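For reference, the structure discussed in these notes is given below.
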Amino acid sequence: MMDSNNKKSKTIRFNTSSKDLEKFERVKLEDTKVFNMEDRLLQIELQEKIINLTAELENSTDKQARKELKQEIKELQKRLAKLSEQ
């Protein structure tokens with residue numbers, strides 16, 4: 057409900073109990089944990105791809121294939137670095 061005394065006021069007042077706030081904080085925290093876990097799983101997946109592509113690169117003799125593998129590894133490393141910053 058807007059504060060009726062001052063029409064220019066941007067303050068919004070809510071009638072909430074501390075229990076409501078505690079419940080909200082708990083849900084917010086659980087969502088954050090899930091989000092962080094998803095990021096961690098993505099990091100692991102990217103690391104595994106990089107390891108596999110690096111092994112494939114070491115075994116490859118075709119010049120074009122090696123070039124493509126190097127480029128793909130570089131892209132994955134960039135994505136991994138970006139994720140790690142967050």
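Residue numbers (the working numbering): 57 to 142. Virtual Cβ for every residue (Gly too), placed ideally from N, Cα, C. Note that this is a predicted model, so its numbers are computed, not measured.
Please work out which residues of its chain come closer than 8 Å, Cβ to Cβ, to residue i, disregarding the five sequence neighbours upstream and downstream, and give them in chain order.
i	result
L132	L102, K105, I106, L109
E128	L109
With hydrogens ignored, establish whether the beta-carbon of residue i is closer than 6 Å to any heavy atom of the ligand MN.
i	result
L125	Absent from the structure shown: the ligand MN. Ligands present: none.
From this set, the options, which residue's C-alpha is nearest residue i's C-alpha?
i	options	result
L125	E112, L136, N92, K134	E112
Could you spell out where the alpha helix (DSSP H) holding residue i opens and where it closes?
i	result
S140	119-141
Among the residues of its own chain, which have a CB less than 6 Å from the CB of residue i, if the five just before and after it don't count?
i	result
Q99	L139
Q120	none
For residue i, count neighbouring C-beta atoms within 10 Å of its own C-beta (all shown protein chains included) and say buried if the count is 16 or more, exposed if not.
i	result
A137	exposed
Got a sec? Which residues, its chain only, sit under 7 Å from residue i by beta carbon, not counting five neighbours each side?
i	result
R135	L102
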